[in-house]
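To keep things clear, I will list the structure first and then write my remarks on it.
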Amino acid sequence: MKHALPALFAAVLLSACTTTSRPPSVGYGRYLEPIPGSITYGGQPRTKLTKAPVGSIVPHQFFDNFGHRVYETYVIEPDRSLRLVGRRIDYEIFGDMDR
């Protein structure tokens, strides 16, 4: 028992350190996944952007579940769908100091 408890504790600590193959949720790249508030969260929007040229950039901003401002960037694909290419989250601790 004296040796089992430290071994069990070490196993729990090491299991918490394992990495996953889950893509990052912040940054730029093709592996970004939509989060609640994203335009493409739950699938592509019903309306298509028919007048915007292919390759146009569409900015989008919203507040996440924790109240942080999220800035996303989309690109219009040839089939008129939107592809999420960038996300930045503002983690302001004190908010606007002008108020």
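For the sequence shown, this note's numbering gives the first residue as 1, with consecutive numbering after it.
Where is the CB? At the ideal position from N, CA and C, for every residue including glycine.
- Straight-line measurement puts the Cα of I39 at about 11 Å from the Cα of T47.
- For T73, the closest C-alpha among the options P53, D90, P36 and G86 is that of G86.
- Per DSSP, the continuous beta strand (DSSP E) segment holding T73 begins and ends at R69 to I76.
- V54 is classed as exposed because its beta carbon has fewer than 16 other beta carbons within 10 Å across all chains shown.
- Around the beta carbon of I76, 16 or more other beta carbons sit within 10 angstroms, so the residue counts as buried.
- Per DSSP, F94 lies in no beta strand (DSSP E) segment and is marked neither H nor E.
- Counting of Cβ neighbours within 10 angstroms places V70 among the buried residues, the total reaching 16 or more.
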